[in-house]
Structure formats: structure tokens, C-alpha cells
Amino acid sequence: MPRYITTPIYYVNDRPHIGHCYTTLVADCMARFERLTGGTRVFFLTGTDEHADKVVTSAAAHGMSAIQWADRNAAEFAKAFAFINASNDDFIRTTQDRHKTRVVEYVSALIKSGAIYQGSYEGWYDENQEEYLTETVAKEQEYKSTVTGKPLVRRTEKCYFFKLSAYQARLQKHFDDNPTFVQPDARRNEVLGRLRDGLNDVPISRPVTDDPATQFGIRVPGDEQHRIYVWIDALFNYLSVVDTDDRRELWPGASPLRGEVAAQQRTNATCTHFIAKDILWFHAVIWPAMLMALQDTAAQGTRFNFVGMSTTVYSHAYWVREGRKMSKSLKNFIEIEQLEAYANKYSLDAVRWYLLTQGPLHATDADFSHSKFVEVYNSDLANGIGNSTSRVGNMIEKYFGGKVPGNQAADAWRAFATDATQEFNWSDICKNALGEGLRASNSHDVGGCVLAGLIIVRAVDSFINVTRPFSIAKTMDADTTSKQRIALEGILYNCAEALRIASILLSPAMPQKMAQLWQIWNCTPPAGATLEQLCTFAGPHALKPGQQIAKGEVLFMRADTAEAAPA
Ligand code: ME8
Numbered sequence: 198m199p200r201y202i203t204t205p206i207y208y209v210n211d212r213p214h215i216g217h218c219y220t221t222l223v224a225d226c227m228a229r230f231e232r233l234t235g236g237t238r239v240f241f242l243t244g245t246d247e248h249a250d251k252v253v254t255s256a257a258a259h260g261m262s263a264i265q266w267a268d269r270n271a272a273e274f275a276k277a278f279a280f281i282n283a284s285n286d287d288f289i290r291t292t293q294d295r296h297k298t299r300v301v302e303y304v305s306a307l308i309k310s311g312a313i314y315q316g317s318y319e320g321w322y323d324e325n326q327e328e329y330l331t332e333t334v335a336k337e338q339e340y341k342s343t344v345t346g347k348p349l350v351r352r353t354e355k356c357y358f359f360k361l362s363a364y365q366a367r368l369q370k371h372f373d374d375n376p377t378f379v380q381p382d383a384r385r386n387e388v389l390g391r392l393r394d395g396l397n398d399v400p401i402s403r404p405v406t407d408d409p410a411t412q413f414g415i416r417v418p419g420d421e422q423h424r425i426y427v428w429i430d431a432l433f434n435y436l437s438v439v440d441t442d443d444r445r446e447l448w449p450g451a452s453p454l455r456g457e458v459a460a461q462q463r464t465n466a467t468c469t470h471f472i473a474k475d476i477l478w479f480h481a482v483i484w485p486a487m488l489m490a491l492q493d494t495a496a497q498g499t500r501f502n503f504v505g506m507s508t509t510v511y512s513h514a515y516w517v518r519e520g521r522k523m524s525k526s527l528k529n530f531i532e533i534e535q536l537e538a539y540a541n542k543y544s545l546d547a548v549r550w551y552l553l554t555q556g557p558l559h560a561t562d563a564d565f566s567h568s569k570f571v572e573v574y575n576s577d578l579a580n581g582i583g584n585s586t587s588r589v590g591n592m593i594e595k596y597f598g599g600k601v602p603g604n605q606a607a608d609a610w611r612a613f614a615t616d617a618t619q620e621f622n623w624s625d626i627c628k629n630a631l632g633e634g635l636r637a638s639n640s641h642d643v644g645g646c647v648l649a650g651l652i653i654v655r656a657v658d659s660f661i662n663v664t665r666p667f668s669i670a671k672t673m674d675a676d677t678t679s680k681q682r683i684a685l686e687g688i689l690y691n692c693a694e695a696l697r698i699a700s701i702l703l704s705p706a707m708p709q710k711m712a713q714l715w716q717i718w719n720c721t722p723p724a725g726a727t728l729e730q731l732c733t734f735a736g737p738h739a740l741k742p743g744q745q746i747a748k749g750e751v752l753f754m755r756a757d758t759a760e761a762a763p764a
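When we follow my numbering, the leftmost residue of the sequence shown carries the number 198, and every step to the right adds one.
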């Protein structure tokens, strides 16, 4: 079942910041987890949205043409995503021909079918600012320009509209039939509430005049005087990138219930859009309606009978700073440089871990806080996975010359830990952690998904506390058949093998650090193995008794809680 995972395409009017990195990171982690599950094609897309008026304005303010400015900032986004180690399979820029030609094709089909029609737009116009204002804004300004104080004028102009109102019933049905289409539930309810208020057709074009500022954008097919509104152009990126012969299977197939699609043309692919709450309406309502409209054109003989609905729109909340929205005017953005400073000091994977586990994944905003960063770093990473792996590695080195011990009597430790209240059935512990990871990933709970690995780490820590292998070692002699030796072997085998499985589950969040551990422990997972195989305790990819493991560097050094934030 192909899995297609997308992020918003970001505006290139400015450089990227923590918010852009966050959504791309969430999608990256999900893509890495899906790739691990094996046996399926995973395709992860991110990119930039370029035909926006604010890009033109910002370019002019920097003395550049729109495309020069877009080139420069698109490169900044690509660099930022390389820095966070995003594993995207493609990077779309909406100024690329591959996208523009598809958008023209889609819009032409929609004009022909009548889903896009020409009408006129009437509204309050500020002649100085050359912009229309909504009724609410116009009223707030007492129907006067805030710049010149001159009265706003009532103006009408030709415009193209998308017949959104025609899709109300079908959208409602789509929501009813697919209760997880919009997640989390709080966001779904918001959309449903607004949907019930009714839908108006939406203007989807802007006029082209002699002013160069109006000339950046894709022209409405057959009408050079109008350009397609940036949002309509942008949403189509999700389809245009995979609308090629070798990628079309990635797009979810049209519903068999609609009866329009031959079985062989359907795919059971899924497509998840990760976005934040600011752009939910576009993704949850306008975009599915556009897809329905496009699919409807198949009745007139277009090739769009393969087009089904995306499967999920996952809308997370916002990163904020001391409870306040991050904004240009407050100058309180967490910039890439700051994330780089954290990565230099604590490692990139520690930054990924913090963002993924403490971020605004659900409906509540999250504050970026240095003290929280250090607390999570110490507890999950330095004292968690870092400490466990180095402790176990050191004991294997010290007591068994760095060779993975055997596990001939897995229960022999019981004789030395008579006060143990837990079973420590490692096969079950690992199976449960995997189950937790899969459950969380299925509900797009990326934070929960990566925390599944920590369940195992915590179990290993309690196992060491209860069995006290270092005490057993003190009474062990050279006799290879002694009870002490056999118990110690079993304990350390269990710990190392369980930590190997933990490292697999932690790897989508921390690919570099886990790869480092695999190198030290000589257990890099082979390509093609499924997650289930990799996570089976003492299974086909288990650590082999006798296999040499090296004593590597500590993965995460403890951090001083009193230290100031890196700058
Ligand atoms: O809206 N916290 O682009 P955009 C978390 N081009 N995420 C944040 C954030 C914050 N404080 N600030 C921004 C656009 N984001 C359109 C999208 S898609 C077809 C077109 C992230 O550059 C989050 O993913 O304004 C949000 O939805 C996106 O950046 C908006 O990026």
C-alpha cells in the first residue's frame, strides 16, 4: 500500500523558521517510520509556494525580481530541511514547469466542466493600496483607507470562481464516511461547525495589469488578463508532483463506491497532509472539493478518473514563545540559527527529539523553552537511551571482552533477584512497545510513536536495578559453567537485545545517533527487513552471541541544567 506524506509548501517571502522545520520534521519522522515498516513505497514531499503577492512585495523591498527572491529563499528552505535531516523524496517549487503545466491542465478541465466559471467580484476597494478588503475589515476602518483616509470605493471586476457551494452535501458525506479524515478531533469539529454554516463559491483569480507586481503567477488558461490565485495553484502541488507515470500509483484511488473507476485503475494508496491549524480550511474543505470536481471531469472523458481523495489532513497547533504567537513584529521567532546552536551543543538528534516529543502536535500550542529542553534531554537521552547503552556496552566489554554473551538460561537471573516483582518477559515487552509504536503511528501521534522505544529503555533500566549484574560479576570466577556467569550472560544479553530493538523504534526520531549505535554494536538493520522482524526479540535480526561490539563514545553527554541557552 503506497504511502504518500506531504507538508505544506511554504511561502518564500521570507526565510524558514522553527514552525516550518517542525511540520517537515513531523512528516519526516512519519515517513521514516513508514519506511521501516517495510514492504511499501513511501514518498515524502515538501517544497515552496512561490506565486504569492507577498513574495513580489518582499522581493521589491530587497531590490530583486520575484523569481530571484524566490530562488534565494527556496534555497534557504532546502538548506534548513537538509540541516534537520529531512528525508524528503522530492522538493517542489511551484514556479517549476512540471507544476505549472499540470495546473493549467487541471484548471482547463475545471473550466470546461463548469466547476470554475467566470463571474464578477464586488467589494470594498482601497484605491491607494490597490486591494479589496473584506466587509469586516472595511467596517473596522469605517470604510476609509487607513493610509490616505480617503473613502473606500465599491468596485466590481471580472473574476473566476470555484463552485465550492456545489460540494457541500458531498463534503458532508465525505466527513461522515471518513471520521478520521481531519485530525485531531478538535480540528475536525471546527471544520464541521463551519461547514454547517454553508459554503460560498470562492474567487480563484486575480487580475493582471501593467503593474509588474500583478504579473507573477500562472495565467488562467485562455485568459491572459487573469492569473490563478496562489492558493489554488498551491494546493494542486500535492497532485502535480505525483501525476507522472511512475508516481501516479501514490495518489489514493477514486472511491469504488462512486462506481466510476475500473478496478485496475484504483490504488489503495494513502495520502497524509501534515499542516498547522492556520491552513486547515483550505486543506479540509477547498482541496477535497477541488479533487471531487476534478474527478467529475472524468465523465467528460478526461484522464482524471484515477483521482480520489487524500486520506488524512493532520493539523497540529503552533509553537509559541512565552505564551505569545511568534511574529515578525514581536521579533520572537526561533530562527534556524538558534536551532543550529542547540544542534551544535546537544546534537541534531537531540533537537529532533525535543521538537517531536514536546511540540504542538495535538490541539494545544507548545512553548519552546530552554529549561524544558535540558530537562527532556537529560531524562530521555543522557540518562535514558545514552546511559543504558553505554552501561550495557561497558559491562559486556568488561565481563565478556566485548563479545555479546549467550542466553542459554534466560531465567537464571531469578536466583539472584529474589525480590523482583516484575516478570521481565522480554519478548512481550518488545512486542508491546512495537504495538504502541504502530498504534501511535496509525493515529498520526508521531510523538507517541517515537516514545515507544523509551518504554523498552525504561524496562532495561529497571531490570538492571533489580538484577544488579555488577554485584553478580563480583562473585563470578573463571568457571564458564558457574551459576553467576550464566545469569550474568543472560542479563546482559537481554539488556543488549532489548536496547537493539529500542534503537530501531527510536531511529525515525534520531536517525544519526541510532546509526552510530548500530555501528558500535555491529547491528545495522538490513534493508528490506520489516519492522516486525526487526523488533522481534531474539528474532532473525537479533544480536548474535559471540558477536563483537565496540565500546563507542557515549551517545548523549549529560547537560548542566544551569547552563544558559546556546546562542
Ligand atoms: O500557509 N508553529 O505557507 P506558510 C508550527 N504557502 N508550525 C508553523 C508555525 C508555528 N508557529 N508557523 C508556521 C502557507 N508553521 C501556504 C501553504 S500548502 C498548499 C500552502 C508551519 O509559509 C505550519 O505547517 O505560511 C503552517 O501550516 C505552515 O508553516 C504555513 O507556512
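By construction, the Cβ of each residue, glycine as well, lies at the ideal position given by its N, Cα and C atoms. None of these values were measured; they are calculated from a predicted model.
Within 7 Å of the C-beta of TRP516 there is at least one heavy atom belonging to the ligand ME8. Set against 7 Å, the gap from the CB of TYR511 to the closest heavy atom of the ligand ME8 is not smaller. Around the Cβ of MET592, a 10 Å sphere holds 16 or more other Cβ atoms; the residue is buried. Closest by C-alpha distance to THR343, out of LEU233, GLU354, GLU324, is GLU324. Beta-carbon to beta-carbon, HIS513 and VAL252 are separated by about 25 Å, too far to satisfy the 8 Å threshold. Counted as a single uninterrupted DSSP element, the alpha helix (DSSP H) harbouring HIS567 occupies residues 567–573. Scanning its chain for C-beta atoms nearer than 7 Å, with the 5 sequence neighbours on each side dropped, one finds around GLY583 the residues VAL751, LEU752, PHE753, in chain order.
In this structure, DSSP gives TYR426 a state outside helix and strand, which the three-state scheme calls coil. Short of 7 Å from the beta carbon of ALA335, and not among the five residues preceding or following it, lie these beta carbons of its own chain, in chain order: TRP321, LEU349.
Rounded to whole angstroms, the separation of the alpha carbons of ALA279 and MET261 is 26 Å. Its chain contains LEU436, VAL504, GLY505, MET506, SER507 as the residues whose beta carbon lies nearer than 8 Å to that of LEU488, once the 5 sequence neighbours on both sides are disregarded; these appear in chain order. Around the beta carbon of GLN369, fewer than 16 other beta carbons lie within 10 angstroms, which makes this residue exposed. In this structure, THR721 keeps its C-beta atom at 8 Å or more from the C-beta atom of GLY236.
Burial is judged here by how many other beta carbons sit within 10 angstroms of a residue's own beta carbon; LYS297 has at least 16 and is buried. The segment 698–708 makes contact with the segment 538–556: 3 or more CB pairs, one atom from each, lie closer than 8 Å. Counting only the Cα atoms, SER668 lies some 45 Å from SER284. Look at the beta carbons and you see the segment 382–400 touching the segment 356–363: at least three pairs across the two are nearer than 8 Å. The segment 731–743 makes contact with the segment 618–629; the number of CB pairs closer than 8 Å reaches 3 or more. Residue state for VAL405 is assigned as coil, using DSSP reduced to three classes. CA-CA distance, TYR219 to ARG352, rounds to 41 Å. Annotation for SER659: GLN619 place their beta carbon closer than 8 Å to its own, counting only its chain and skipping 5 residues before and after. Taking C-beta atoms as the reference points, GLY650 and THR554 fail to come closer than 8 Å. Using a cutoff of 7 Å, the CB of ASN270 does not count as near the ligand ME8, since none of the ligand's heavy atoms is closer than that. Look at the segment 310–388 and you find these whole runs of alpha helix (DSSP H), each 4 residues long or longer: 332–337, 365–374. Exclusion of the five residues before and after GLN605 leaves ILE683, GLU686, GLY687 as the residues of its chain whose Cβ lies within less than 8 Å of its Cβ. Following the DSSP letters along the chain, one finds PRO418 in no alpha helix (DSSP H), marked with neither H nor E. It is roughly 21 Å from the alpha-carbon of LYS276 to the alpha-carbon of ASN434.
Taking 8 Å as the upper bound for CB-CB distance, PHE479 and TRP516 are not in contact here, some 20 Å apart. With fewer than 16 other Cβ atoms from the protein chains shown falling within 10 Å of its own Cβ, TYR314 counts as exposed. A residue is called buried when at least 16 other Cβ atoms come within 10 angstroms of its Cβ; ALA540 meets this threshold and is buried.
Per the DSSP secondary-structure output, HIS513 pairs in a beta bridge with ALA473.
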